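First the structure, in the form of structure tokens, and then the observations on it.
Below you can see the structure in the form of structure tokens.
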């Protein structure tokens, strides 16, 4: 798949990949609701209302008149964005019905019960990192495999399939893979997910997908179950991998902040919120107005598309005292919309937090001398896709 | 000051913020993660945490009623 053009909306300041471009801040100050052109691999370029202020984003994300930008269309070709079972393709009662079948698996209690599993996975990747070095790519050895392996546990992917599973997940993220490779990869992922679902139908496993089949299998068809599995993989993998990648990159460039994450267990929860806010990996949320909606006396017309900039909203300087463009892991975390807001707020957010607060301190404790093995200017950031990340990060210790 | 907590159950999206913020006052149903109110009239020591829970709730499903009283 060719790289999508950089969304004007996701543009970063020159030389500062973590900072929004000045144009985004200019939009935020604009009293009007600007309409911008948004390039899309699916819809070509479309016009959309740009939402960049935190208060506007929060109000709109909890407004039922603002619908999801892509609704499942059974007549259109299936893709990762167009498939049944993906919560991002549903609205209203249909969304609630499907979401409630999955929320039981993501309660605070269930996520706490996964803690030993997460710790085991993190420890195994730390061993792999040690074996690979000194000197290794932190992204492919540590940051990307952790969320994939957690998802393998939730879906019940057997050990002997995990290497292949991980390879397909990697291809799915690879901006350098061709369109043909992506299509072939998607077909393989669908086929494998179909096999997993069939195995759970025969004998539901003791894991998330097994529980969904056991408890709700009579209300879901195979396509929906495959879609749920794919959604869990995509949503649970790419964003968390990005947070681990961008989070360790940032901290390695700010040794004083890294020391807080490494040495002060009571400060870790706040530090993770700050990293989430600061990195805002999922850059934008596409929506569509089902009716006219008033925002600060301006109107979003029925049928208009809307894009919300998570990055800009989380840097809205009216939110808190202090410079929100400076990373400060000790600050009282300002509110953020990293996980969205309203009925669609991220289902797996507590799981994501658990992975981050386990993996990052463990990494810096195990490798206290961990440092970048390339100049900062050479870090390969991924700024052209819908999820911001780092492609490779040479480190040594 | 008396604080009374009310839950708008159908609105709940099971994000779990309330359980993290005020575990003495909120829990989640095992089957679908929907909020369970453990204490509708939490003691003074819980008030800050309950307010935080209401603030964090992405679905505005926690309603707080504050009134003067013994």
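Protein chains in written order, with UniProt numbering: chain F, 1 to 397; chain Z, 1 to 70.
Where a beta carbon is used, it is the ideal one built from N, C-alpha and C, also for glycine.
The structure presented is a predicted model; accordingly, all values stated were derived computationally and were not measured.
Under 8 angstroms from the C-beta of residue i: neighbouring residues of chain F
{"i": "residue 32 (chain Z)", "result": "100, 101, 103 and 104"}
{"i": "residue 59 (chain Z)", "result": "62, 342, 343 and 345"}
Separation of residue j from residue i, as counted between CA atoms
{"i": "residue 199 (chain F)", "j": "residue 245 (chain F)", "result": "33 angstroms"}
{"i": "residue 180 (chain F)", "j": "residue 169 (chain F)", "result": "16 angstroms"}
{"i": "residue 129 (chain F)", "j": "residue 136 (chain F)", "result": "7 angstroms"}
{"i": "residue 140 (chain F)", "j": "residue 165 (chain F)", "result": "14 angstroms"}
{"i": "residue 390 (chain F)", "j": "residue 275 (chain F)", "result": "15 angstroms"}
{"i": "residue 259 (chain F)", "j": "residue 268 (chain F)", "result": "11 angstroms"}
{"i": "residue 369 (chain F)", "j": "residue 122 (chain F)", "result": "18 angstroms"}
{"i": "residue 235 (chain F)", "j": "residue 78 (chain F)", "result": "17 angstroms"}
{"i": "residue 21 (chain F)", "j": "residue 27 (chain F)", "result": "10 angstroms"}
{"i": "residue 28 (chain Z)", "j": "residue 11 (chain Z)", "result": "14 angstroms"}
{"i": "residue 379 (chain F)", "j": "residue 361 (chain F)", "result": "22 angstroms"}
{"i": "residue 100 (chain F)", "j": "residue 256 (chain F)", "result": "42 angstroms"}
{"i": "residue 157 (chain F)", "j": "residue 196 (chain F)", "result": "7 angstroms"}
{"i": "residue 243 (chain F)", "j": "residue 229 (chain F)", "result": "21 angstroms"}
{"i": "residue 282 (chain F)", "j": "residue 388 (chain F)", "result": "7 angstroms"}
{"i": "residue 248 (chain F)", "j": "residue 342 (chain F)", "result": "29 angstroms"}
{"i": "residue 13 (chain Z)", "j": "residue 91 (chain F)", "result": "13 angstroms"}
{"i": "residue 344 (chain F)", "j": "residue 112 (chain F)", "result": "22 angstroms"}
{"i": "residue 262 (chain F)", "j": "residue 65 (chain F)", "result": "44 angstroms"}
{"i": "residue 178 (chain F)", "j": "residue 33 (chain F)", "result": "37 angstroms"}
{"i": "residue 54 (chain F)", "j": "residue 312 (chain F)", "result": "8 angstroms"}
Interface partners of residue i on chain F, CB under 7 angstroms
{"i": "residue 15 (chain Z)", "result": "345 and 349"}
{"i": "residue 19 (chain Z)", "result": "108"}
Under 7 angstroms by beta carbon: chain Z residues contacting residue i
{"i": "residue 15 (chain F)", "result": "None at all; the shortest Cβ gap to chain Z is about 35 angstroms."}
{"i": "residue 150 (chain F)", "result": "Here the premise fails: no neighbours, minimum Cβ distance about 17 angstroms."}
Beta-carbon proximity list for residue i, same chain, < 6 angstroms, skipping 5 on both sides
{"i": "residue 126 (chain F)", "result": "366"}
{"i": "residue 278 (chain F)", "result": "327"}
{"i": "residue 240 (chain F)", "result": "147, 352 and 355"}
{"i": "residue 19 (chain F)", "result": "13 and 325"}
{"i": "residue 397 (chain F)", "result": "134, 367, 369 and 370"}
{"i": "residue 299 (chain F)", "result": "292"}
{"i": "residue 16 (chain Z)", "result": "none"}
Cutoff 8 angstroms; reference residue i; Cβ partners in own chain excluding five residues on either side
{"i": "residue 7 (chain Z)", "result": "35, 37, 61, 62 and 63"}
{"i": "residue 183 (chain F)", "result": "none"}
{"i": "residue 333 (chain F)", "result": "270, 273, 274 and 277"}
{"i": "residue 30 (chain Z)", "result": "none"}
{"i": "residue 153 (chain F)", "result": "114, 117, 121 and 207"}
{"i": "residue 22 (chain Z)", "result": "42, 46, 49, 50, 52 and 53"}
In DSSP terms, what residue i is bridged to
{"i": "residue 3 (chain Z)", "result": "Z:66"}
{"i": "residue 49 (chain F)", "result": "F:35 and F:306"}
{"i": "residue 66 (chain F)", "result": "F:289"}
{"i": "residue 294 (chain F)", "result": "F:299"}
{"i": "residue 372 (chain F)", "result": "F:395"}
{"i": "residue 389 (chain F)", "result": "F:382"}
{"i": "residue 20 (chain F)", "result": "F:12"}
{"i": "residue 37 (chain Z)", "result": "Z:26"}
{"i": "residue 318 (chain F)", "result": "Looking at the DSSP assignment, residue 318 (chain F) forms no beta bridge with any residue, so it has no partner."}
{"i": "residue 284 (chain F)", "result": "F:309"}
Cβ neighbours of residue i in the same chain (closer than 7 angstroms, five flanking residues each side left out)
{"i": "residue 5 (chain Z)", "result": "25, 37, 40, 42, 50, 62 and 64"}
{"i": "residue 338 (chain F)", "result": "276, 277, 280, 310 and 314"}
{"i": "residue 348 (chain F)", "result": "106, 235 and 236"}
{"i": "residue 381 (chain F)", "result": "17 and 390"}
{"i": "residue 138 (chain F)", "result": "248, 393 and 395"}
Any non-hydrogen atom of the ligand GDP closer than 6 angstroms to residue i Cβ
{"i": "residue 202 (chain F)", "result": "The model depicted lacks the ligand GDP and carries no ligand whatsoever."}
For this session: Enumerate, from N- to C-terminal direction, the unbroken alpha helix (DSSP H) stretches of 4 or more residues contained entirely within the region 327 to 364 of chain F.
Result: none
Problem set entry | 4 or more residues per run - each alpha helix (DSSP H) lying fully within the region 152 to 191 of chain F | 162 to 173
For this session: Quick one: which unbroken alpha helix (DSSP H) runs of 4-plus residues sit fully inside the region 98 to 147 of chain F? Chain order, please.
Result: 108 to 113 and 115 to 132
For this session: Could I get the ranges of all uninterrupted alpha helix (DSSP H) runs contained in the region 205 to 282 of chain F, with 4 residues as the minimum, in chain order?
Result: 208 to 216, 222 to 253, 255 to 263 and 268 to 279
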